[in-house]
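Worksheet: one structure, shown below.
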Amino acid sequence: MGSKKQTLTGARILWECLEREGVKTVFGYPGGAILPAYDALQHSSIRHILVRHEQGATHMADGYARATGSVGVAVATSGPGATNMVTGIATAMMDSSPILCITGQVGSKLLGSDAFQETDITGVTLPITKHNYLVTRPDDIAPAVREALYVAKSGRPGPVLIDITKDAQQGTCELDFEGAAPKMRGYRPDLSPASDAYDKALAMIAAAKKPVILAGHGIAVSGAEREVQAFAERACIPVAMTLLGLGHLPASHVLNMGMMGMHGEAWVNKAIQEADLLLALGMRFDDRVTGNLKSYAPNAKKIHIDIDPAEINKNVKVDLALVGDLRKILLELLPRVAPASRSEWIERIHELKGDTAVRDIQNLPDNGHLYAAHVINDLWHETRGRDAIVVTDVGQHQMWEAQYYKHENPRSLITSGGLGTMGFALPAAIGAKVARPDADVWVVAGDGGFQMTMAEMATIVQENLKVNIAIINNGFLGMVRQWQEFFYERNYEATPLLNPNFAMLAQAYGIKSEVVKHRGDVVPAVRAARAHEGPALIDFQVEQEDTVYPMVAAGAALHDMIRRPSPIVETAEDE
Amino acid sequence: MLHTFVVYVENKPGVLSRVVSLFRRRAFNIDSLTVGRTEKDDVSRMTIVTEADPDQARRIVANIYKLVNVLLVDDITGQPALLRDLSLIKVGATQETRSQVLDLANVFKARVLDIATESITVEMTGGEEKVDRFLELLNPYGLLEVVRTGVVAMRRGAKSPTVGSKAELTPASAEESDSVSHSV
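Protein chains in written order, with this note's numbering: chain A, 1388 to 1962; chain B, 203 to 386.
Shown next as structure tokens:
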């Protein structure tokens, strides 16, 4: 199609604009108010993936976005279709994931009349979108779509929603694609720090004896993986990762200490508490990584590099902030940062490390039971070195994955961090597989969260997607049970689950399945699943009352960790 | 400490609710908020008065800027500025007290809008503190009804912010906001 202006329906303009903006796939579910758009899909080359619930569509768009960095697109009808998207939108908002949600809306003349399937979805999603639009005229569709995609992806990314009335989809107008380019007067995503901030940062880094880099999700958003590694190496600064930072520096890298925070490695948290300088890169000092703020890194000066000025001094007061694109800022700093060796500090960190990095998995009793840690460890061994993406749900298995799956590559772990959305894994994995069809995509989900969105197994089969599913099945809402064990006197109220037979359920959907109860069967099952042409599900029936160690209790100081009882090894670091 | 922000926004549907929603969501307290048209058709202007420490004020500015339709945020706290609040005040006034009330109105340059057998209604424009003092003095006569618009504000002098330009994101510094003056 040339640049000649054409008269088209709003519905066709919608797809035409998405297509010209490079959108290849959308995840959606039809309904009355979005039917004109669905009818117009026949004229578009965009692939539509039919989901089983609109929440799934949003998580798929999210998984697609996280696997690639491109905007994921979800489509739903008005009313219940739109409200079903809310959880997925909030998930994307908390983790700065660029998704575009398109919802149908009742005719513009019916707006505000409580018409059938009318919901004020722009009102509902106002606090959980980066921006949203209510479009009532066909002429406004092209500008809204182009602006929405730009807003979703630029600056600190986030979800954007466009609500399009039925008559705007049906009406016609001339499409002026070029003329619809974003013209935004107030929006300024391209910030850069004051020039003297670089000198201050360099001086603080040069003066530091015990610096630690805190590496977050912003590294991937900015595409700064190589720069972070080069910077850490040149200045010789150990790196602690947030959950969403995992993979952005190879786990095997000598300076990569591992995950910090509530279920981070004890020695990583201790290193942070001892540090004299924290260099926070694209992370936001979430309460899950800081523990009690009053006792957080008391000896450390803090430098915060982030694209969002509203994150500066929100949770942790910092001494210096550099607001802007992380990669650009690091490229400025890199040639000027003084090479260092910091051998004393590196030695001290090795001392802190002791045996703690491996003791958890070593200390699991050999009682014939299967432990989730073993499952994750073996899954990692079997899939490492391949282009594997692990997509987790939320809970104990998520933390075990973060601890025992050693991520070497960026965008190889997709997980709901900020919102902690159970039910995220399966649909997000579908989005990741669609985005990267050659990747070895694994769902790692608990038996609780999996049941929240397991209807999407039908989507996998209908769309012929090779997604592998590992259920870490302990018959409990495990993380809640763990909190009940620690903080509610083992009153296991509403956490035991009577589960369906997941293997039979998978078969009913046409998915190959297997049950694994012993450690020796883990590797063969993983291999069989990988070798199978279609999707496969493995029900790993693991120890029921296992606990994620170490743990910083909510509100406790970061170094005050509950450790796995250790009958085998006692070290100086044990409290 | 009370902070006064002048916020220029694109004149589009829903912008007010976006700003208000932000204050609610981030648990920032609004003392008063006014919104109205400006010399430009496509720009609306809000004056927001809120209780905040300097650090909170900085975060408020940063958060308001995250709203896509916001053009410029000007923290005029402690700056030479005109701040005005318009009030309609209905006060009890009998034959005996009427002249006292009128005297007070006169001193405070309040405009008398209506005199009835039992009441007087005046219009009062001024800085918030002036209105507060006036209300305090009228209180013994019986305040029957009071309505206040909330503060509208404008910097003094010829310089006005150029709306729509790439504005500096540096919010008012802590030193500046120590010396606040809310009346003129």
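Every residue, glycine too, gets a C-beta built ideally from N, C-alpha and C.
Proximity below 8 Å, CB of residue i to CB of residue j
i, j, result
"residue 1676 of chain A", "residue 1693 of chain A", "no"
"residue 1568 of chain A", "residue 1524 of chain A", "no"
"residue 1536 of chain A", "residue 1516 of chain A", "no"
"residue 1804 of chain A", "residue 1482 of chain A", "yes"
"residue 1591 of chain A", "residue 1818 of chain A", "no"
"residue 1638 of chain A", "residue 1663 of chain A", "no"
"residue 274 of chain B", "residue 356 of chain B", "no"
"residue 208 of chain B", "residue 247 of chain B", "yes"
"residue 1871 of chain A", "residue 1879 of chain A", "yes"
"residue 390 of chain B", "residue 231 of chain B", "Outside the displayed span of chain B (203 to 386) sits residue 390 of chain B, for which this structure offers no information."
"residue 1416 of chain A", "residue 1398 of chain A", "no"
"residue 1635 of chain A", "residue 1615 of chain A", "yes"
"residue 1506 of chain A", "residue 1470 of chain A", "yes"
"residue 1706 of chain A", "residue 1689 of chain A", "yes"
"residue 1789 of chain A", "residue 1924 of chain A", "no"
"residue 1845 of chain A", "residue 1449 of chain A", "no"
"residue 350 of chain B", "residue 289 of chain B", "yes"
"residue 1798 of chain A", "residue 1658 of chain A", "no"
"residue 1950 of chain A", "residue 1936 of chain A", "yes"
"residue 1617 of chain A", "residue 1644 of chain A", "no"
"residue 1596 of chain A", "residue 1661 of chain A", "no"
"residue 1486 of chain A", "residue 1625 of chain A", "no"
Residue range of the alpha helix (DSSP H) that includes residue i
i, result
"residue 1518 of chain A", "Taken as a continuous stretch (DSSP letters only), residue 1518 of chain A belongs to no alpha helix (DSSP H), being part of the beta strand (DSSP E) at 1518-1522."
"residue 1480 of chain A", "1473-1481"
"residue 265 of chain B", "256-267"
"residue 1819 of chain A", "1812-1822"
"residue 1414 of chain A", "Looking at the DSSP string, residue 1414 of chain A is not in any alpha helix (DSSP H); the run it does join, the beta strand (DSSP E), is 1412-1415."
"residue 312 of chain B", "Careful: residue 312 of chain B lies outside any alpha helix (DSSP H) and carries neither H nor E."
"residue 1759 of chain A", "1759-1770"
"residue 1786 of chain A", "1783-1791"
Residue environment, residue i, which counts as buried when at least 16 other CB atoms sit within 10 Å
i, result
"residue 326 of chain B", "buried"
"residue 381 of chain B", "Caution applies to residue 381 of chain B, whose pLDDT of 32 falls short of 50 and renders its modelled position unreliable; the value that the coordinates give is listed next. Exposed, since its Cβ has fewer than 16 Cβ neighbours within 10 Å."
"residue 1833 of chain A", "buried"
"residue 1948 of chain A", "buried"
"residue 1855 of chain A", "buried"
"residue 1773 of chain A", "exposed"
"residue 1577 of chain A", "exposed"
"residue 1875 of chain A", "exposed"
"residue 1714 of chain A", "buried"
"residue 212 of chain B", "buried"
"residue 1891 of chain A", "exposed"
"residue 317 of chain B", "exposed"
"residue 1518 of chain A", "buried"
"residue 1434 of chain A", "exposed"
"residue 221 of chain B", "buried"
"residue 1619 of chain A", "buried"
"residue 315 of chain B", "exposed"
"residue 1766 of chain A", "buried"
"residue 1861 of chain A", "buried"
"residue 1402 of chain A", "buried"
Residue range of the unbroken beta strand (DSSP E) whose run includes residue i
i, result
"residue 1639 of chain A", "That residue, residue 1639 of chain A, is in no beta strand (DSSP E); it is neither H nor E in DSSP."
"residue 210 of chain B", "204-212"
"residue 253 of chain B", "245-253"
"residue 1927 of chain A", "1923-1928"
"residue 276 of chain B", "272-277"
"residue 1855 of chain A", "1854-1860"
"residue 357 of chain B", "345-357"
"residue 1559 of chain A", "1559-1562"
"residue 1405 of chain A", "Unbroken run through residue 1405 of chain A is the alpha helix (DSSP H), 1397-1407; no beta strand (DSSP E)."
"residue 1547 of chain A", "1547-1552"
Minimum Cβ-Cβ distance from residue i to chain C less than 8 Å
i, result
"residue 272 of chain B", "Note that chain C does not occur in the displayed structure, where the protein chains are A and B."
Length-filtered (3 minimum) beta strand (DSSP E) runs lying within the segment 1682-1724 of chain A: Counting whole runs of 3 or more residues, the segment 1682-1724 of chain A contains the beta strand (DSSP E) stretches 1688-1693 and 1707-1710.
To be precise: take each residue of the segment 249-260 of chain B, compare its Cβ to all Cβ atoms of chain A, and keep it if any distance is under 8 Å. Which residues remain?
Result list: 257 and 260.
What ranges does the alpha helix (DSSP H) occupy inside the segment 1568-1627 of chain A, keeping only unbroken runs of at least 4 residues that lie completely in it? If we require 4 residues or more, the alpha helix (DSSP H) runs fully inside the segment 1568-1627 of chain A come out as 1582-1594, 1605-1609 and 1612-1622.
ask   = What residue ranges within the segment 1417-1464 of chain A form continuous alpha helix (DSSP H) runs of no fewer than 4 residues, ordered along the chain?
value = For the segment 1417-1464 of chain A, whole alpha helix (DSSP H) runs of length 4 or above, ordered along the chain, are 1422-1427 and 1441-1455.
In chain order, what residues of the segment 1699-1713 of chain A put their CB closer than 9 Å to some CB of chain B? Of all residues in the segment 1699-1713 of chain A, those with a C-beta nearer than 9 Å to a C-beta of chain B are 1699, 1700, 1701, 1704 and 1710, reading in chain order.
For the segment 1546-1578 of chain A, enumerate the residues whose C-beta is nearer than 8 Å to any C-beta of chain B, in chain order. If the cut-off is 8 Å between Cβ atoms, the segment 1546-1578 of chain A has 1571, 1572, 1573, 1574, 1575 and 1578 near chain B.
Check: Using a beta-carbon distance cut-off of less than 9 Å, what residues from the segment 212-225 of chain B approach chain A?
Finding: Within the segment 212-225 of chain B, the residues whose Cβ lies closer than 9 Å to some Cβ of chain A are 212, 215, 216, 219, 220, 223 and 224, listed in chain order.
| query | What are the start and end residues of each continuous beta strand (DSSP E) run of 3 or more residues lying completely inside the segment 1874-1909 of chain A, in chain order? | reply | Complete beta strand (DSSP E) runs here, min 3: 1899-1903.
_Contact residues within the segment 1499-1515 of chain A, judged by C-beta distance below 9 Å to chain B_ = Result list: 1509, 1510, 1513 and 1514.
message = Beta carbons nearer than 7 Å to chain B: which residues of the segment 1520-1543 of chain A have them?
response = If the cut-off is 7 Å between Cβ atoms, the segment 1520-1543 of chain A has 1538 near chain B.
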